[in-house]
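Down below is the structure, laid out as C-alpha cells.
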Amino acid sequence: MTNNLLNSGASSLDSEQVDAKAQPSSTQDVNSSVGNSQTKRRQSPTSASKVHSKVQQFQETLERHQNERQLIILQDFPDPDALSSAWAYQLIAQEYNIQCDIVYAGTLSHQENIALVKLTGLPSKRWSVESTKNQDLSVYQGYVLIDNQGTTTQLLPIVTEANIPLMAIFDHHSSQGELKAEFIDLRPQARATATLLTHYLQAGLLQLDSSISEHIKCATALMHGLRSDTNMLMQAQEEDFLAAGYLSRFYDTQLLNAILKTSRSRRVMDVIERSLKYRIVQDNFSMAGVGYLRYEDRDAIPQAADFLVTEENVHTAVVYGIVYDEDQELEVVIGSLRTNKLTLDPDEFIKEAFGQDSHGRFFGGGRMMAGGFEIPTGFLSSFNDKSEYAKLKWEVFDTQVKQKLLRLVNPQDTVI
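FYI, the numbering for the sequence shown is 22 to 437, going by the numbering used here.
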C-alpha cells in the first residue's frame, strides 16, 4: 500500500483529559522495539530481556483469564488513540477466548472520532452512568483501563463498587500511583498508547493478516491514533516510528484519508468564534473562556485551542468552558492547552496551575505540546434555567481559571 503519513491531513484531537503524574520506575522497563529484529541487535542484553519479560507477563496474564468476559473502560470522551488501542486489545484477547466490551460514559463529539467509529465499524459502546448502574456487571470477571488510569471516567466508581477486579492498565501518560492492577504497562516515553498495543501485535500475540478486513481496519485505526497523538508523527519517538512502520504493512490509506477529511461542524466553528471574541493575550499566552457547552460539543474546546495557538505572536493557548449535561445534571469545567514553546511543559504547567482534589488527584496534566484539565463545579453544580444565575456562575469560574493561569504567566501581576 502507498503510505503518506505526513501529508494526509492534520488531526487536532485532545487527549481527552490527560492523567499525568509521577511515574514509578518499576513500570518503565519496556523498551521501544518489541518484535523488531534489527533494533534488537542494537539493544543491550538487559534491555532486550526486559522487553521479552513484559511481553511474557502480558501473555501469562491473558492465559490466566481464558474464557472470561472483560470490560475495556475508556475515558468519557475517548480519542482515536484510546479507541484504536482498545480495539487492538479486544482482538488480542479474542485469541485467548476472552470476550471484551469497549465502553465509555461520555460521548463521541469530535468529527474525526465519529468518522473513525462509523467508517471502521469500531465496536465501542456508550454506557451512561445511569444505564451502567442498571447493568448486570456480575457477568464480567475483570476490567481494563486503556489510555487512562481511572481519573477521566465516570464508570470507575461503579465497577469498583461492583467488586470487579482491575486486570490491566495500558497508558502512555505518567502514573498516578493509586490503582493496582494485575498487569501494568505505563510508558511516558511513548507518545501514544497505540504504540504500546502495536508492540504486542509485533511480538506475535496476534498475527495481523492483510486478507482479514477487521485486521486492516484495526491497523488503520491504530495508525490514526498514533498519528493524532504525535501531531502527524512530528512529535513521535523512535518506538512510535517503529510501530508506524509495522502498521504500514496493513493499514488502508484510502480509509485513513476518508477519516481525516471530515469537516468541522457549525457548533465547533461557533466555539472557535467565541474563543476569538473572548480571548485575552498576555506575554504571548492566549486564554479564552467560551462559556457553556453541551456535553456532546465538548471536543470543540481542544479544536479552539488548536486554532488559537496558530495566531501570530502566541506560543501557548488555553481554552475552557463549562460543559453540561442536563439529563445527568452534570457540570464540569473542561479546558485544553496547546503550546509550541519547547521550554513549557504542559504537564507541569497544568498541575501547578490547578493543583489536586481532596483525594490527591491532579485536575489535569499533559504530554508534549498539549494538556487538559477537568474540574467539577461542586456545590454550584446542576443546570439552572435562570440566565442571570448562569451568567453569575460563569463569571465566577471564568475569573478563577484566568486568575490561576495568570499567576503563572505573569507572577508579578496582582490577582484579578
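Note that CB positions come from ideal geometry on N, CA and C, so glycine has one too.
Could you check if residue i is buried or exposed, using at least 16 other CB atoms within 10 Å of its CB as the buried criterion?
i, result
"Thr23", "Note that Thr23 scores a pLDDT of 40, beneath 50, so its modelled location is shaky and nothing firm can be said."
"Gln223", "buried"
"Glu260", "buried"
"Arg147", "exposed"
"Asp230", "exposed"
"Tyr345", "buried"
"Pro267", "It should be pointed out that residue 267 corresponds to Tyr in this sequence rather than to Pro. Per the 10 Å Cβ criterion, buried."
"Asn169", "buried"
"Ser408", "exposed"
"Arg85", "exposed"
"His194", "buried"
"Leu448", "Residue 448 falls outside the range modelled here, since the chain spans only 22 to 437, and no answer is possible."
"Ile301", "exposed"
"Val76", "buried"
"His245", "buried"
Report the three-state DSSP secondary structure of residue i (helix, strand or coil).
i, result
"Gln275", "helix"
"Lys146", "strand"
"Tyr161", "coil"
"Tyr117", "coil"
"Leu351", "strand"
"Arg90", "strand"
"Val330", "coil"
"Gln228", "coil"
"Ala391", "strand"
"Gln377", "strand"
"Leu217", "helix"
"Asp122", "strand"
"Ser53", "Interpretation of Ser53 is limited by its pLDDT of 40, a score under 50 that renders its predicted location unreliable; the figure taken from the coordinates is listed afterwards. Ser53: coil per DSSP, three-state reduction."
"Ile233", "coil"
"Ile301", "strand"
"Pro186", "coil"
"Gly127", "coil"
"Gln424", "helix"
"Thr172", "coil"
"Asn134", "helix"
"Leu222", "helix"
"Pro99", "coil"
"Gln156", "coil"
Between the options, which lies nearest to residue i when the distance is taken from Cα to Cα?
i, options, result
"Leu143", "Ile123, Ser379, Leu247", "Ile123"
"Ser232", "Glu350, Tyr299, Tyr272, Ile280", "Tyr272"
"Pro432", "Tyr410, Ile396, Ala374", "Ala374"
"Asp320", "Asp304, Asn155, His131, Glu369", "His131"
"Gly310", "Ser149, Glu350, Val354", "Val354"
"Gly392", "Ser402, Asn155, Val138, Asp327", "Asp327"
"Asp378", "Gly225, Ile396, Leu104", "Ile396"
"Thr360", "Ala325, Gly312, Gly381", "Ala325"
"Asp100", "Pro178, Gly385, Ile135, Asn278", "Ile135"
"Leu276", "Ser234, Leu200, Leu83, Asp291", "Ser234"
"Phe418", "Phe383, Arg382, Tyr341", "Tyr341"
"Arg285", "Asp318, Gly225, Ala264, Gly385", "Asp318"
"Tyr125", "Glu133, Ile113, Ala107", "Ala107"
"Ile293", "Leu226, Glu332, Ala264", "Glu332"
"Tyr423", "Arg295, Phe306, Thr219, Gln78", "In the sequence under discussion, the amino acid at residue 423 is Lys, which differs from the Tyr named in the question. Among Arg295, Phe306, Thr219, Gln78, the Cα nearest to that of Lys423 is on Phe306."
"Ile179", "Phe191, Gln162, Met188, Leu158", "Leu158"
"Glu133", "Ile113, Ser105, Cys121", "Ser105"
Given this structure, state the Cα-to-Cα distance separating residue i from residue j, to the nearest angstrom.
i, j, result
"Arg388", "Ala211", "10 Å"
"Tyr164", "Tyr221", "19 Å"
"Ala202", "Met308", "38 Å"
"Asn155", "Gln303", "49 Å"
"Ile425", "Ser357", "According to the sequence as given, residue 425 is Lys; it is not Ile. Lys425 and Ser357: Cα-Cα distance of roughly 14 Å."
"Leu363", "Thr337", "10 Å"
"Leu314", "Ile343", "6 Å"
"Asp97", "Val150", "10 Å"
"Gln421", "Glu369", "19 Å"
"Glu116", "Arg90", "13 Å"
"Thr216", "Ile119", "22 Å"
"Lys298", "Trp415", "16 Å"
"Leu243", "Phe400", "40 Å"
"Lys139", "Asp102", "16 Å"
"Ala264", "Pro323", "26 Å"
"Leu429", "Leu365", "11 Å"
"Ile371", "Gly385", "6 Å"
"Leu207", "Tyr410", "44 Å"
"Leu247", "Thr141", "16 Å"
"Cys121", "Gln111", "6 Å"
"Glu350", "Ser402", "8 Å"
Could you tell me which residues DSSP pairs with residue i in its beta bridges?
i, result
"Thr337", "Phe306, Thr360"
"Gly342", "Ile355"
"Phe191", "Ile167, Asp206"
"Ile396", "Val354"
"Phe383", "Gln377"
"Leu314", "Val344"
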